[in-house]
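A.B. asks: Can you read through this structure? Questions will come right after.
Residue numbers (this note's numbering): 6 to 327.
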């Protein structure tokens, strides 16, 4: 089938990613309202109500509760980096995305991999790199893959601020519990039929192109990305989590189209993910100089389209460049 670069609402993860963020504020320096900050606590000492399936409900503190003083300044700096990543962490960003494109509502929205869910889940073992990762190492991976940039040092001001923001967001969250709304809702989420590129294109045109553009490159206003690009040189690279069909489909189902999360059928979400992830993007930074070898080592899964033929194109063979 001939590929049509017609709209793609961005139903896909990016759609969720795009959230129309207001202009970047001046670097935070003023103290906010004073508040008592308590660290995440062990489950036994914090009997939260449970949601269905044994998951624990948690509500992060409101932004108005950010504390005063040096810690509060670090939290606000982390929020600014999270929402305006290129402006506040420019040295580590290599595309047109920001953290809040995939972690909606400044990292607090349930089912969009919220920060409060991530903070209490680390350290944890990750198959992606074969060892136990700290939260800082996990964030480094986001910069390397999702932001198509480079990892900030663990002791850099940017990393310290981001971890401070995540720590504050998880204030009172039970450690060791499964929090309702953490991550993307992938568990048991399977398509009724195998995802299809042609059907996905139709979903994209119908539900995504309005925000993300007919060519999937997002929208810019006054030189700023308002809705993120879903593929191409300014999007996430082949090593990013959103390049996995299950991640993209779950994100789209729960969050896209923006403000209408849950309105798509399961099949539409998977088909949209297939269409979006079926486009070329920047190379996986772990590339070994050989597409087949790189797929075998890092993408050996039916959920990755890297190194496969889609719509007549061998994905990863001609990666996008800025």
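All C-beta atoms in this analysis are idealised placements derived from N, C-alpha and C, irrespective of residue type, glycine included.
Exposed or buried, what is residue 160 when buried is set at 16 or more other beta-carbons lying within 10 Å of its beta-carbon?
C.D. replies: Within the chain shown, the letter at position 155 stands for residue 160. Residue 160 should be labelled exposed.
A.B. asks: Does the distance between the C-beta of residue 82 and the nearest non-hydrogen atom of the ligand MN fall short of 7 Å?
C.D. replies: Among the components of this structure there are no ligands whatsoever, and the ligand MN is therefore not found.
A.B. asks: Between the beta-carbon of residue 223 and the beta-carbon of residue 238, is there less than 8 Å?
C.D. replies: Taking the first residue of the chain shown as position 1, residue 223 is located at position 218. Taking the first residue of the chain shown as position 1, residue 238 is located at position 233. Contact: no.
A.B. asks: Which runs of the beta strand (DSSP E) spanning at least 3 residues fall entirely within the segment 249-316, listed in chain order?
C.D. replies: If we require 3 residues or more, the segment 249-316 turns out to have no beta strand (DSSP E) run fully inside it.
A.B. asks: Looking at residue 157: is its Cβ nearer than 8 Å to the Cβ of residue 139?
C.D. replies: For this step, residue 157 is matched to residue 152 along the chain shown. For this step, residue 139 is matched to residue 134 along the chain shown. No, they are not a contact pair.
A.B. asks: Have a look at residue 332 and residue 151 and give me their C-alpha separation to the nearest angstrom.
C.D. replies: A query on residue 332 cannot be resolved here, the shown segment of the chain reaching from 6 to 327 and no further.
A.B. asks: Determine, using beta carbons only, whether residue 63 and residue 167 come nearer to each other than 8 Å.
C.D. replies: The residue you call residue 63 lines up with position 58 of the chain shown. The residue you call residue 167 lines up with position 162 of the chain shown. Cβ distance not < 8 Å, so residue 63 and residue 167 don't count as in contact.
A.B. asks: If you scan the segment 113-179 from start to end, which runs of the beta strand (DSSP E) of 3 or more residues do you find wholly inside it?
C.D. replies: Entirely contained in the segment 113-179, the beta strand (DSSP E) runs reaching 3 residues are, in chain order, 129-131 and 136-138.
A.B. asks: Can you say whether residue 319 is buried or exposed, counting buried as having 16 or more other CB atoms within 10 angstroms of its CB?
C.D. replies: Here residue 319 refers to the residue found at position 314 of the chain shown. Result: exposed.
A.B. asks: Just checking, does the segment 191-208 make contact with the segment 86-97 on the three C-beta pairs under 8 Å criterion?
C.D. replies: No, the segment 191-208 does not touch the segment 86-97.
A.B. asks: Please report the distance separating the alpha-carbon of residue 33 from that of residue 317.
C.D. replies: Locating residue 33 in the chain shown gives position 28, counting from the first residue. Locating residue 317 in the chain shown gives position 312, counting from the first residue. Legend: pLDDT at residue 33 = 39, less than 50; position of this residue unreliable, value from coordinates given subsequently. Straight-line Cα distance between these residues: approximately 49 Å.
A.B. asks: Could you give the DSSP three-state label for residue 211: helix, strand or coil?
C.D. replies: By one-based count along the chain shown, residue 211 stands at place 206. Residue 211: helix per DSSP, three-state reduction.
A.B. asks: I need the straight-line Cα distance from residue 71 to residue 60, nearest angstrom please.
C.D. replies: The residue given as residue 71 occupies position 66 in the chain shown. The residue given as residue 60 occupies position 55 in the chain shown. Taking the straight line joining both Cα atoms gives about 26 Å.
A.B. asks: Measure from the C-beta of residue 86 to each C-beta in chain B and report whether the shortest distance is under 8 Å.
C.D. replies: The displayed structure is made up of one protein chain only, and chain B is not part of it.
A.B. asks: Can you give me the C-alpha to C-alpha distance between residue 79 and residue 165, rounded to a whole angstrom?
C.D. replies: Numbered from its first residue, the chain shown carries residue 79 at position 74. Numbered from its first residue, the chain shown carries residue 165 at position 160. Rounded to whole angstroms, residue 79 to residue 165 spans 8 Å at the Cα level.
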